[in-house]
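Trainee: Let me give you the structure first, and then I'll get to my questions.
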Amino acid sequence: MSSQLWSFTVSYRFPVTFTRDVFAIDNPHLLEVVRSCENEVGAPVRAAVFVDQAVLAARPRLERDIIAWFAHHAEHGLALAASPYPVSGGEAIKDGLPIIERVARICVDLHLCRHSYLIIIGGGAVLDAVGLAASLVHRGLRHIRLPTTTLAQCDAGLGVKNAVNLFGIKNLIGSFTPPTAVINDLRFLETQDARTWRAGLAEAVKVAIIKDAEFFARLEALAPALAARDATAMAEAVQRCANLHLEHITGSGDPFERGTSRPLDYGHWLAHRLEALSQHRLQHGEAVAIGVAADSLYAASIGRLSSGDAERVVRLLQRLGFRLWDACFTLRDAQGRRQVYAGLEQFREHLGGQLTLAMPDGLGRQRDIASIDIALYEQALAQLRRCARRAVPCANGR
Ligand SMILES: NC(=O)c1ccc[n+]([C@@H]2O[C@H](COP(=O)([O-])OP(=O)(O)OC[C@H]3O[C@@H](n4cnc5c(N)ncnc54)[C@H](O)[C@@H]3O)[C@@H](O)[C@H]2O)c1
Ligand SMILES: [Zn+2]
12 MSSQLWSFTV SYRFPVTFTR DVFAIDNPHL LEVVRSCENE VGAPVRAAVF
62 VDQAVLAARP RLERDIIAWF AHHAEHGLAL AASPYPVSGG EAIKDGLPII
112 ERVARICVDL HLCRHSYLII IGGGAVLDAV GLAASLVHRG LRHIRLPTTT
162 LAQCDAGLGV KNAVNLFGIK NLIGSFTPPT AVINDLRFLE TQDARTWRAG
212 LAEAVKVAII KDAEFFARLE ALAPALAARD ATAMAEAVQR CANLHLEHIT
262 GSGDPFERGT SRPLDYGHWL AHRLEALSQH RLQHGEAVAI GVAADSLYAA
312 SIGRLSSGDA ERVVRLLQRL GFRLWDACFT LRDAQGRRQV YAGLEQFREH
362 LGGQLTLAMP DGLGRQRDIA SIDIALYEQA LAQLRRCARR AVPCANGR
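The following block contains the structure:
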């Protein structure tokens, strides 16, 4: 009998590029990405493109632009295997496994191989779902993400996670599969509706609270412009938020989340629960805004944020246009407990046994906690409700 330990290391690198008009004929970024990846077989590289239907509807020329861009670059050994495939956008695409089967069928029909690319254009939901399919077909086709929403460009499109929902459980089936590249085309942000434009800013507020007090102050300064759909302000917020997420993912030593600490999931135990309870009436970012506001008021009650800073969080979110109370808070289980608290149990199970929740440790810093005091949380919720009812954010629940 013998036992020996074997080990190997795999390192990942992927570029994250900010640009405008990625499919303009003279825009080099997509070509550079494909060229920088060695194609061992030497044959033309083939790609299939999946596009969020809402993006196609908002940009009627996009399909033609994509086809023209590939035709123009054919001489560089890059071939579009078929016209772009529309996929439904929003959380509906993450509803179970049908999207995996659909993408797999297309990949088989197009004879795509492990040197082929799936180029995924869409909001976080489309990136999550088609990205998961890409990670599974032939045990992983290369995928390039072109995020089209605020949230996807500053958070969801950047990381290493892909997932769909199953049995009503958010992100139950997923994988850790880094993309080949991310290209953030800021022009895509222009066609978002008001809710989607705003929703991703909740992730910016979130990451500022736990990582960067200066960025938080900058968001306060930018809030009027962001609320008024100023593209320059949005570009600044998205890029800084993206960098903070990427610094964490690449520098925290736990990109595949083997440990239980999840700093980037601040406010998310509640957000995921609200998304599910609202049957996805609330967008992810809208739920995150509520989760971050509630957890920040709780953080003040356990001495992790000053009450003044908790008030700043609530005020900033409200100035950005978020509604911080939702009817789902009134739902109760048979024991009379608010149904949102089941989110704590689900989060604990997801982490693998021990509850670990990100909390601020003063604005701009983070330190985990292992439990929530429900009585204190109830006070935070009562305060949140009062804040949400007032046109002007309230100070410390008074
Ligand atoms: N993988 C990760 O690390 C990660 C991180 C955060 C969030 N997420 C996931 O991301 C999803 C939310 O993503 P989201 O906030 O981008 O919302 P979304 O993908 O649900 O998109 C919101 C709506 O906007 C539409 N849309 C997308 N781009 C558009 C554009 N440019 N113009 C007009 N309409 C457009 C979509 O069709 C959809 O109807 C959730 O499922 C969440 O769980 C994943
Ligand atoms: Zn999130």
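Counting along the sequence shown from 1, when you hit position 344 you're at 355 in the numbering used here, and nothing is skipped either side. Heads up, the beta-carbon is just placed ideally off N, CA and C, and yes, glycines get one too.
Would you kindly work out how many angstroms separate the C-alpha atoms of M12 and R116, rounded to a whole number?
Mentor: 46 Å
Trainee: Compute the minimum distance between the beta carbon of H279 and the heavy atoms of ligand 2, and state whether it is under 7 Å.
Mentor: Yes - ligand 2 has a heavy atom lying nearer than 7 Å to the Cβ of H279.
Trainee: Spatial neighbours of Q250 within its chain, please: CB distance less than 7 Å, with the 5 preceding and 5 following residues excluded, ordered by chain position.
Mentor: Hits under 7 Å: F29.
Trainee: Within the present structure, is the beta-carbon of D76 separated from the nearest heavy atom of ligand 1 by less than 7 Å?
Mentor: no
Trainee: Taking the alpha-carbon of A213 as reference, which of L73, A321, A300 has the nearest alpha-carbon?
Mentor: A300
Trainee: Using a Cβ-Cβ cut-off of 7 Å (strictly less than) and excluding sequence neighbours within five positions of L392, which residues of its own chain qualify?
Mentor: A305, F340
Trainee: Please report the straight-line C-alpha distance between H84 and L41, rounded to a whole angstrom.
Mentor: 10 Å
Trainee: If you scan the stretch 121 to 172 from start to end, which runs of the beta strand (DSSP E) of 3 or more residues do you find wholly inside it?
Mentor: 128 to 133, 153 to 158
Trainee: Is the beta carbon of V299 within less than 7 Å of some heavy atom of ligand 2?
Mentor: Distances taken from the Cβ of V299 to the heavy atoms of ligand 2 include one shorter than 7 Å.
Trainee: Just to confirm the assignment, what range does the beta strand (DSSP E) spanning S186 have?
Mentor: 180 to 187 is the span of the beta strand (DSSP E), which, as asked, contains S186.
Trainee: Using the three-state DSSP reduction, which class does P266 fall into: helix, strand or coil?
Mentor: coil
Trainee: Would you mind reading off the limits of the beta strand (DSSP E) that contains F29?
Mentor: That run of the beta strand (DSSP E) goes 27 to 30.
Trainee: Going by C-alpha distance, which of I36, V324, T367, F61 is nearest A234?
Mentor: V324
Trainee: Please classify S18 as buried or exposed, where buried requires at least 16 other C-beta atoms within 10 Å of its C-beta.
Mentor: exposed
Trainee: Shortest alpha-carbon distance to R348 belongs to which of L362, V303, I385?
Mentor: Nearest C-alpha to R348: I385.
Trainee: Would you kindly work out how many angstroms separate the C-alpha atoms of A90 and F81, rounded to a whole number?
Mentor: 6 Å
Trainee: Could you tell me if the beta carbon of K217 falls within a distance shorter than 7 Å of some heavy atom in ligand 1?
Mentor: no
Trainee: Using the C-alpha atoms, what's the distance from G101 back to A163?
Mentor: 12 Å
Trainee: How about the stretch 369 to 387 and the stretch 310 to 329: do they share at least three Cβ pairs that are nearer than 8 Å?
Mentor: yes
Trainee: Quick check: G170 and I260, are their CB atoms within less than 8 Å of each other?
Mentor: Taking 8 Å as the cut-off, the beta carbon of G170 is found closer than this to the beta carbon of I260.
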